[in-house]
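Asks: I have a structure I would like to understand better, so I am pasting it below and will then ask my questions one at a time.
In my numbering, the protein residues as written are 155 to 563.
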């Protein structure tokens with residue numbers, strides 16, 4: 155295979171120019187620093203100006219271009235090499251996949267989408283999540299250099315339980331519990347009677363096996379159910395970590411109503427999710443997102459989290475919760491912790507490259523290599539903000555003094 159290497163020195167973007175001028179011969183001396191093309195037509199196109207980000211990452215996944223060296227060095231200079239615009243591939247995806255998924259969000263559809271992702275293989279997710287198998291933001295109490303990923307995930311789970319003021323014997327529901335790590339943690343460390351709800355068969359089997367091994371099967375269990383089928387009972391506390399994004403905007407009223415009806419009148423509900431930021435004056439009409447934020451969101455919808463269209467800004471999510479009858483007690487922005495978490499996941503992914511290639515192949519390795527590295531940058535720059543919110547029912551007789559105390563978070 156002939157390798158076509160093209161290099162350009164980074165140039166400041168010219169927002170005023172409608173088209174970029176062709177690069178000079180000296181500028182086309184090779185892009186060995188970041189990119190190496192194996193597709194002559196793509197190399198020639200790149201020599202004339204920036205490529206759409208979507209064109210570049212699709213070519214990277216297909217092996218028509220390589221990203222060389224440290225991917226973070228490339229991403230730190232990405233605006234010199236790529237532009238963010240809607241392509242024909244986006245239009246095709248929007249009408250064939252995204253719009254039907256957003257419009258329908260039925261139980262059957264959500265079951266198919268979730269299982270296609272989460273039942274891929276526990277070894278696939280373990281290759282980057284590590285031993286705790288927690289697919290949500292950790293909490294690095296004193297920063298990323300003083301805690302391992304496992305320690306930070308343990309701190310996050312302790313923090314959630316403390317925010318809930320979880321007590322021995324209390325009934326806890328974890329809606330969208332993943333591999334059940336928090337369910338097990340709550341039973342082992344807080345003596346809670348914990349029930350996890352997940353639509354994934356693999357996660358259910360994995361989590362219940364670990365619960366059994368931990369000796370708390372009498373206090374904890376995972377049920378393989380759609381959240382809409384969660385058995386109707388009164389829970390003292392409810393937690394839902396980065397699952398609501400999959401619910402779909404059209405189903406948010408029913409989701410919050412379901413949480414409200416499952417929760418005891420004096421209970422607490424902790425919600426964590428990642429939402430795209432509001433663009434303000436930088437928004438691209440008609441969607442109102444920044445250009446890169448929009449392209450990143452479409453990338454995530456296609457390759458990582460299909461159907462996860464409820465990645466809303468804080469105010470929008472709170473509006474749905476309040477309309478369902480919840481009162482907001484506290485909001486914590488944990489976005490920087492998410493950036494540090496994903497960086498740790500990416501380090502794990504790279505350290506397990508040989509195993510991943512052998513089992514899942516080059517294409518899957520490349521997709522997650524870019525997804526994790528780009529997500530670190532996205533989280534650091536604020537494109538996706540991660541929040542933890544504690545709610546209670548907005549009742550006249552709710553004892554709001556229960557939140558007060560030196561040991562409360």
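Built from N, CA and C at the ideal position, the CB exists for glycine as well.
Sort 332, 296 and 510 by Cα distance to residue 290 and report the nearest one.
Replies: As a first step, residue 290 must be located in the chain shown, where it is residue number 136. Answer by Cα proximity: 332.
Asks: By the 10 Å Cβ neighbour count, where 16 or more other Cβ atoms means buried, how is residue 405 classified, buried or exposed?
Replies: For the purposes of this step, residue 405 is taken as residue 251 along the chain shown, with counting starting at 1. That one is buried.
Asks: In three-state terms, what does DSSP make of residue 239?
Replies: Here residue 239 corresponds to residue number 85 of the chain shown, with the count starting at 1. The answer is coil: DSSP assigns residue 239 none of H, G, I, E or B.
Asks: Entirely within the stretch 405-438 and at least 3 residues each: give me those beta strand (DSSP E) ranges in chain order.
Replies: If you keep only unbroken beta strand (DSSP E) runs of at least 3 residues inside the stretch 405-438, you get 417-430.
Asks: Under the three-state reduction of DSSP, which class applies to residue 189: helix, strand or coil?
Replies: Here residue 189 corresponds to residue number 35 of the chain shown, with the count starting at 1. Three-state result, residue 189: strand.
Asks: Considering only C-alpha positions, which residue in the set 530, 524 and 200 is nearest to residue 211?
Replies: The residue you call residue 211 lines up with position 57 of the chain shown. Selected option, being the one with the closest Cα: 524.
Asks: Taking the continuous alpha helix (DSSP H) assigned at residue 286, which residues delimit it?
Replies: Locating residue 286 in the chain shown gives position 132, counting from the first residue. No alpha helix (DSSP H) holds residue 286; DSSP gives it neither H nor E.
Asks: In chain order, what residues of the same chain have a beta carbon less than 8 Å from the beta carbon of residue 475, not counting five sequence neighbours either side?
Replies: Start at 1 with the first residue of the chain shown, and residue 475 comes out as number 321. The residues are 410, 425, 482, 543 and 545.
Asks: Spatial neighbours of residue 381 within its chain, please: CB distance less than 6 Å, with the 5 preceding and 5 following residues excluded, ordered by chain position.
Replies: Within the chain shown, the letter at position 227 stands for residue 381. The answer, listed in chain order, is 329 and 351.
Asks: Let me know the secondary structure DSSP gives residue 551 once reduced to three states.
Replies: By 1-based counting over the chain shown, the position of residue 551 is 397. Three-state DSSP puts residue 551 in coil, outside helix and strand.
Asks: Report the three-state DSSP secondary structure of residue 480 (helix, strand or coil).
Replies: The residue you call residue 480 lines up with position 326 of the chain shown. If DSSP states are grouped into helix, strand and coil, residue 480 belongs with the strands.
Asks: Would you mind sorting residue 554 into buried or exposed? The rule is 16 or more other CB atoms within 10 Å of its CB.
Replies: The residue you call residue 554 lines up with position 400 of the chain shown. That one is exposed.
Asks: Could you tell me which of 461, 376, 204 and 489 sits nearest to residue 468, measuring between CA atoms?
Replies: One-based indexing of the chain shown puts residue 468 at position 314. The residue with the shortest Cα to Cα distance from residue 468 is 489.
Asks: Comparing the C-beta of residue 349 with each C-beta of chain C, is any distance below 7 Å?
Replies: Protein chain content of the structure displayed is limited to a single chain, and chain C is not contained in it.
Asks: State whether the stretch 500-514 contacts the stretch 280-288, with contact taken as three or more CB pairs (one from each stretch) at a distance under 8 Å.
Replies: yes
Asks: Give a yes or no on whether the C-beta atoms belonging to residue 538 and residue 532 are separated by under 7 Å.
Replies: Within the chain shown, the letter at position 384 stands for residue 538. Within the chain shown, the letter at position 378 stands for residue 532. The Cβ atoms of residue 538 and residue 532 lie closer than 7 Å to each other.
Asks: Along the chain, where does the alpha helix (DSSP H) that runs through residue 530 open and close?
Replies: By 1-based counting over the chain shown, the position of residue 530 is 376. Counted as a single uninterrupted DSSP element, the alpha helix (DSSP H) harbouring residue 530 occupies residues 507-535.
Asks: Does DSSP classify residue 329 as helix, strand or coil?
Replies: On the chain shown, residue 329 is found 175 positions in, with the first residue counted as 1. The answer is strand: DSSP assigns residue 329 an E or B state.
Asks: Could you tell me whether the stretch 384-399 touches the stretch 355-366, using the rule of 3 or more Cβ pairs below 8 Å?
Replies: As far as the Cβ criterion goes, the stretch 384-399 does not touch the stretch 355-366, which means the pair count is below three.
Asks: Put residue 206 into one of helix, strand or coil per three-state DSSP.
Replies: By 1-based counting over the chain shown, the position of residue 206 is 52. The DSSP-derived three-state label of residue 206 is strand.
Asks: Classify residue 355 as helix, strand or coil using the three-state DSSP reduction.
Replies: Within the chain shown, residue 355 is the residue found at index 201, counting from 1. Note: residue 355 maps to helix in three-state DSSP.
Asks: Under 6 Å Cβ to Cβ from residue 390, same chain only, skipping five residues before and after it: list those, please.
Replies: Residue mapping note: residue 390 aligns to position 236 of the chain shown, counting from 1. If we look at residue 390 and ignore the five residues flanking it on each side, its Cβ neighbours are 324, 325, 418 and 421.
Asks: With three or more C-beta pairs closer than 8 Å as the rule, is the stretch 235-245 touching the stretch 191-211?
Replies: yes
Asks: Is it right to say residue 162 is buried, meaning 16 or more other beta carbons lie within 10 angstroms of its own, or is it exposed?
Replies: The residue given as residue 162 occupies position 8 in the chain shown. The predicted model places residue 162 with a pLDDT of 39, which falls under 50 and marks its position as unreliable; any figure quoted below should be read in that light. Its Cβ being crowded by 16 or more others within 10 Å, residue 162 is buried.
Asks: From what residue to what residue does the alpha helix (DSSP H) around residue 110 run?
Replies: Past the edges of the chain, shown from 155 to 563, lies residue 110, and the structure says nothing about it.
Asks: Going by other Cβ atoms of all chains shown within 10 Å of its Cβ, with 16 needed for buried, is residue 558 buried or exposed?
Replies: Counting from 1 along the chain shown, the entry for residue 558 is found at position 404. Classification for residue 558: exposed.
Asks: From what residue to what residue does the beta strand (DSSP E) around residue 449 run?
Replies: Against the chain shown, residue 449 aligns to sequence position 295. Note, residue 449: premise wrong, no beta strand (DSSP E); alpha helix (DSSP H) at 445-457.
Asks: The beta strand (DSSP E) that contains residue 110, what's its start and end?
Replies: Look at the range of the chain in this structure, 155 to 563, and you will see that residue 110 is not part of it.
Asks: How is residue 231 classed by DSSP in three states: helix, strand or coil?
Replies: Here residue 231 refers to the residue found at position 77 when the chain shown is read from its first residue. Coil at residue 231, not helix or strand.
Asks: Would you decide whether residue 242 is buried or exposed? Buried here means 16 or more other CB atoms lie within 10 Å of its CB.
Replies: Within the chain shown, numbered from 1, the residue matching residue 242 stands at position 88. With fewer than 16 Cβ atoms within 10 Å of its Cβ, residue 242 is classed as exposed.
Asks: Could you tell me which of 516, 431, 563 and 458 sits nearest to residue 534, measuring between CA atoms?
Replies: Locating residue 534 in the chain shown gives position 380, counting from the first residue. When only C-alpha atoms are compared, the closest one is 431.
Asks: Hey, could you find the ends of the beta strand (DSSP E) residue 466 is sitting in?
Replies: Residue mapping note: residue 466 aligns to position 312 of the chain shown, counting from 1. No beta strand (DSSP E) holds residue 466; DSSP gives it neither H nor E.
Asks: Give the DSSP bridge partners of residue 318, in chain order.
Replies: Counting from one through the chain shown, the residue named residue 318 turns up at place 164. DSSP output for residue 318 lists no bridge partner at all.
Asks: Within its chain, find whatever has a CB closer than 8 Å to the CB of residue 362; leave out the 5 residues flanking it on each side and keep chain order.
Replies: Against the chain shown, residue 362 aligns to sequence position 208. Correct list, in chain order: 334, 371, 375 and 376.
Asks: Please list, in chain order, all residues of the same chain as residue 494 whose beta carbon is under 7 Å from its beta carbon, the five residues on each side excluded.
Replies: Position 340 of the chain shown, counted from the start, is the residue given in the question as residue 494. Once the five neighbours on either side are set aside, the close Cβ partners of residue 494 are 294 and 298.
Asks: Using a Cβ-Cβ cut-off of 7 Å (strictly less than) and excluding sequence neighbours within five positions of residue 527, which residues of its own chain qualify?
Replies: The residue labelled residue 527 in the question sits at position 373 within the chain shown. Sequence-distant Cβ neighbours of residue 527 in its own chain, meaning closer than 7 Å and more than five residues away, are 225, 226, 229 and 500.
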